[in-house]
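In what follows, a structure is listed as structure tokens, so that the remarks can point back to it.
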Ligand SMILES: Nc1ncnc2c1ncn2[C@@H]1O[C@H](COP(=O)(O)OP(=O)(O)O)[C@@H](O)[C@H]1O
Ligand SMILES: [Mg+2]
């Protein structure tokens, strides 16, 4: 949806976070309108992963607040956040190497309270978005290519029946061809009504997919706006698009 009028499904307000004595996030504000794809770009070490971890409850927000569907989830446990169907696809995929593709996918459904029938239906949904995963369903998940493993990690996220999917570094280690296929799949997932907050190093891909983007640098939002506007911004072009 590119209207920009939908109420936010996620609102991050003034969030600060860090590790021990190191402060990483310095008052981050961000919103994801319901039904949209929003991207976060920025250099290595900017705090993008930390921000996603704070949203999914795996890193504690030391200040500020996080609201999901209007409800304050600041300080909620990761498990509680998963049950609200806010689902994190981690950087580096984190598949279980001893398990098959199918069993990795089914692990995504662990917290669901609906029935086996609904879970089976969503497995078919994942296989319809990523047909190769059906072919490889009995294969060890980490024996697949990087692109296929990323499909499996995203598929596992879909098995949790997300309302909002956080995806950290879609393109990490992927060929341009594999990235293209995965980017296309995110549009399909979004058309299923799933909102997406995407952290992505490939700024062109991030801007093409998203309606809105945030540029995070040194733990602060340096710039944000509609992607069609940001793409014309001279500073963004110089720093991130190489011209
Ligand atoms: N577990 C950790 N302990 C200490 N410092 C960390 C930890 N994880 C990340 N950092 C530091 O936090 C900063 C932001 O990291 P990160 O959120 O991973 O950035 P990005 O995802 O944008 O590359 C970096 O300086 C990184 O070294
Ligand atoms: Mg990261």
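Residue numbers (the UniProt record's numbering): 1 to 243.
A virtual CB, placed ideally from N, CA and C, is assigned to each residue, including glycine.
Closest by C-alpha distance to residue i, when choosing among the options
i: residue 168; options: 90, 82, 27; result: 90
i: residue 17; options: 235, 226, 218; result: 218
i: residue 93; options: 146, 15, 36, 33; result: 146
i: residue 21; options: 34, 42, 49, 62; result: 62
i: residue 208; options: 199, 196, 228; result: 228
i: residue 189; options: 130, 215, 235, 202; result: 130
i: residue 144; options: 98, 84, 56; result: 98
i: residue 247; options: 139, 75, 148; result: The requested residue 247 is not part of the displayed model; the chain covers only 1 to 243.
i: residue 31; options: 196, 242, 201, 232; result: 196
i: residue 171; options: 157, 205, 138; result: 205
i: residue 192; options: 180, 201, 165; result: 165
i: residue 123; options: 200, 220, 180, 101; result: 101
i: residue 83; options: 232, 203, 57; result: 57
i: residue 183; options: 43, 121, 34, 148; result: 148
i: residue 181; options: 224, 110, 154; result: 154
i: residue 216; options: 105, 232, 141, 25; result: 25
i: residue 43; options: 9, 201, 138; result: 201
i: residue 125; options: 78, 159, 68, 237; result: 159
Residue i CB to nearest heavy atom of ligand 1 below 7 angstroms
i: residue 101; result: no
i: residue 250; result: No answer is possible for residue 250: it lies beyond the span of the chain, which begins at 1 and ends at 243.
i: residue 220; result: no
i: residue 173; result: no
i: residue 42; result: yes
i: residue 19; result: yes
i: residue 27; result: no
i: residue 63; result: no
Where residue i falls, given that 16 or more other Cβ within 10 Å makes a residue buried
i: residue 27; result: exposed
i: residue 96; result: exposed
i: residue 53; result: buried
i: residue 213; result: buried
i: residue 230; result: buried
i: residue 14; result: exposed
i: residue 162; result: buried
i: residue 72; result: exposed
i: residue 36; result: buried
i: residue 135; result: exposed
i: residue 128; result: exposed
i: residue 211; result: buried
i: residue 242; result: exposed
i: residue 12; result: buried
i: residue 7; result: exposed
i: residue 156; result: buried
Distance cut-off 7 angstroms: residue i Cβ against heavy atoms of ligand 2
i: residue 91; result: yes
i: residue 48; result: yes
i: residue 168; result: yes
Identity of the residues DSSP links to residue i by a beta bridge
i: residue 23; result: 18
i: residue 65; result: 13
i: residue 58; result: Paired residue(s): none; residue 58 is not in a bridge.
i: residue 225; result: 213
i: residue 8; result: 33
i: residue 220; result: 217
i: residue 71; result: 68
CB contact check: residue i to chain D, cutoff 8 angstroms
i: residue 110; result: Absent here is chain D; the protein component of the structure consists of one chain.
| Per the contact definition of three or more C-beta pairs closer than 8 angstroms, is the stretch 103-116 in contact with the stretch 170-181? | Contact between the stretch 170-181 and the stretch 103-116 is not established, with fewer than three Cβ pairs separated by less than 8 angstroms.
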